[in-house]
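Everything on this sheet refers to the single structure shown next.
Residue numbers (this note's numbering), protein chains in the order written: chain A, 1 to 405; chain B, 1 to 405.
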């Protein structure tokens, strides 16, 4: 479906694996960022920004530089100092943590950012689902001990579940691989999709789930031994790691405990693929012909199509558009787009609005000249057109929006 | 004053010339981004995101690669293709424009983004005022002809003036140098500050202003010939360029005009140093001892300091904090911070709150135990402490906030 995103001018390729987000994708992205920020505020996580350029010494200290060299972009500055374009920030945030003495009173501490990450993919694919430069939301937690770290870990995982529920795309949470991150506990969040690179194993009996790559040969549930197992292709959209003290030890990060002794904080790392969530949502919900967004991430909730210029409805349309717009503003704020390309027929514009997947399309067509004026409402969720008088239309849309809050 | 930002944990150095924005700076930044987005929506500019990684071929076509090589970060991907970490996006946006056929009906077009830019400064200084990686808001406009381009240019300049007025730091707009950008019209926006790298020349008679670097030997106003000239040191925070067709010609970008002929669009480029505006605002308004923010960019508008634990006011403080917080939420939304480090004395926390420059600090001190309870209100703008009953305090703060909207 990402081909459709390209065709419709939602995203565009800059060069292989690098994409522009055009205005519709950008609006969707800004909505997602708002959802994330609210949920992070609710659990007391604090937002920061860390630089993209990472001095490679930090990665040498943890030994990660040698391991992952092929996906990394490396850049030298004018003094030949070596930097990475950050694919993830564990080292940097640990260094930040230790740049100032900390005490147990400041823990648990949760810091997050929403920023650009880089990965020199050998095979970028599916547009913004796997691109070389992407927006990630990464959170890092610091706790006094393992018990407290697990509490924090569960708190963040719950917030992530809330975020995905709010987005409204079906998701699956499974046990994940710690991979290059280290640590001893990990979960992945996936959107089920045929084009996904991952295969999830889900036990139908005990509901245990894991990524198949953890144990490729598996034929029964490792938890309850049932062989009633389902495999699902999926796109990974979030990943959480309970890291223990690997990074704090490697980078000598400490806090002073009640008795004054210096101890390494227990850390967690939690990522959401922000641009990927946009791409994967569209991938999961759309067909080859028509984009569909989760309502929460649709670039606009309502599209208004005024009559064609020169048509017999043009005057009524011109007379009513401003008041219609004002009524809608009270319900939808700035979440309205007017397709004012009135040199095009209504039919053509309606086809495009349908393709673009706006949840509601309001058309000022032939029946606008009746007394009273009737507006056509197209709803993406039902794929139906209905006629409404203005007051009924407004009440109906109000109701529809209340349902979704 | 950026030293104070470091000391107080508002920003922190990651490595030479690269800075973390900690939670207070991040909040200030998010407020500034909101102000920018609103003003861009008002003039119909559309928000997008373009990649940071720029294929160097684009810069070869315009000849800019050779000119500015020393400030540029260059990175090669796994296939040895050469990329720049973008310091600015004229080439990229022109390439984006021409990636899809355009007609005169789509012009004027204004596209902007808020994203990370890179410049390998030989002498980074003053924290986030001149750092190697920074957040910029860059807008690009496309018009049919020179006349229309000037109209758009003026529209964007006016929007920038509105943004600076809204921010509330005194600014100076002068004629600027086009420098490496090319083009024939340019303006700069500056915050006057002793530490600034630029010197502005302002005629006291005709109010003409320009950057001294345009004509370093000048002793009289080039417009009215007056010698009553004032020189002011300043920090550049915005720059606008009327570019003509330099980039559209170099990159063969065209639109089809009314008669179907293909013509190069007239372009404009308009930058705001987003993180720099935060740093420069603080630089302009603060003293060596105390941070002051423009009210519009203060990380929090109100700081609440509850009584110390174990004090005789502790109980009253605990009983009242929630209702106080609820009242304030109605006025300030989430723009409130509670300094709940109640193991510290009120005095210590008040000193820190003053240093951090919150416009209002509400203290639950000794008089909270009187009947009725009295709250202390410290105002940064007057540097005074006054006592209020709760209802009066709320009314006063409401009034103060209305004044500023």
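Just so it is clear, CB atoms sit at the ideal spot from N, CA and C, and this is done for glycine as well.
Per-residue contacts from residue 91(B) into chain A (C-beta, under 8 Å): Ordered by position in chain A, no residue passes the 8 Å Cβ test against residue 91(B), which lies about 11 Å from the chain.
Members of the stretch 336-362 of chain B near chain A, C-beta cut-off 7 Å: Among the residues of the stretch 336-362 of chain B, none has a Cβ less than 7 Å away from any Cβ of chain A.
Spatial neighbours of residue 155(A) in its chain, beta-carbon cut-off 7 Å, leaving aside the 5 residues before and after: 43
Under 7 Å from the C-beta of residue 23(A): neighbouring residues of chain B: 46, 47 and 48
Neighbour-count burial assignment, residue 413(B), 16 or more Cβ in a 10 Å radius: Any question about residue 413(B) goes unanswered here, given that chain B covers just 1 to 405.
C-beta contact flag for residue 265(A) and residue 143(A) at 8 Å: Less than 8 Å divides the Cβ of residue 265(A) from the Cβ of residue 143(A).
CB contact below 8 Å: residue 260(B) versus chain A: no
For residue 191(B), three-class secondary structure by DSSP: strand
Distance CB(residue 82(B))-CB(residue 62(B)) smaller than 8 Å: no
Cutoff 8 Å: residue 96(B) Cβ touching any chain A Cβ: Taking Cβ atoms only, chain A reaches closer than 8 Å to residue 96(B), which makes this a yes.
contact_flag[the stretch 149-168 of chain A, the stretch 35-42 of chain A] where n(CB pairs < 8 Å) is 3 or more: yes
Straight-line Cα distance separating residue 25(A) from residue 405(A): Confidence at residue 405(A) is low in this model, with a pLDDT of 45, below 50, so the placement of that residue is unreliable and no value is reported for it.
Residue 283(A) versus residue 2(A) - alpha carbon distance: 7 Å
Reference residue 139(A); option with closest CA among 150(A), 89(A), 131(A) and 184(A): 89(A)
Inside the stretch 281-310 of chain A only - beta strand (DSSP E) runs reaching at least 3 residues: 302-305
Residue environment, residue 124(A), which counts as buried when at least 16 other CB atoms sit within 10 Å: buried
Residue interval of the alpha helix (DSSP H) (run including residue 156(B)): 146-167
Segment contact flag, the stretch 63-75 of chain A with the stretch 99-108 of chain A, C-beta cutoff 8 Å, min 3 pairs: Three or more Cβ pairs closer than 8 Å define a contact, and the stretch 63-75 of chain A falls short of that threshold against the stretch 99-108 of chain A.
Residue 309(A) to residue 342(A) span [Cα, whole Å]: Whole-angstrom Cα-Cα distance: 5 Å.
Rounded C-alpha distance that separates residue 236(A) from residue 8(A): 25 Å
Short Cβ contact (8 Å threshold) for residue 363(B) with residue 375(B): yes
Length-filtered (4 minimum) alpha helix (DSSP H) runs lying within the stretch 309-339 of chain A: 314-332
Check whether residue 128(A) and residue 244(A) have beta carbons under 8 Å apart: no
Residue 92(B) - DSSP class collapsed to helix/strand/coil: helix
8 Å Cβ cutoff met for residue 169(B) and residue 281(B): yes
The beta strand (DSSP E) enclosing residue 123(B), as first and last residue numbers: No beta strand (DSSP E) contains residue 123(B), which DSSP labels as neither H nor E.
Chain B residues whose Cβ lies nearer than 8 Å to that of residue 78(A): Near residue 78(A) (Cβ distances below 8 Å), the residues of chain B are 70, 120 and 122.
Residue 274(A) vs residue 114(A) beta-carbon contact at 8 Å: yes
Residue-chain proximity (residue 15(B), chain A), Cβ-Cβ < 8 Å: yes
Neighbour list for residue 75(A) in chain B, Cβ cutoff strictly below 8 Å: 73, 74, 75 and 85
Minimum Cβ-Cβ distance from residue 169(B) to chain A less than 8 Å: no
Proximal residues of chain A, C-beta to C-beta of residue 295(B) below 8 Å: What residue 295(B) touches in chain A, judged by beta-carbon distance under 8 Å, is nothing: the nearest beta carbon there is about 21 Å away.
Through-space distance from residue 209(B) to residue 418(A), alpha-carbon basis: In the structure as shown, chain A starts at 1 and stops at 405, and residue 418(A) therefore has no counterpart that could be examined.
Test item: CB-CB of residue 297(A) and residue 28(A) under 8 Å: yes
Among 234(B), 22(B) and 189(B), nearest to residue 241(B) - alpha-carbon criterion: 189(B)
Short CB-CB distance (under 8 Å) between residue 144(A) and chain B: no
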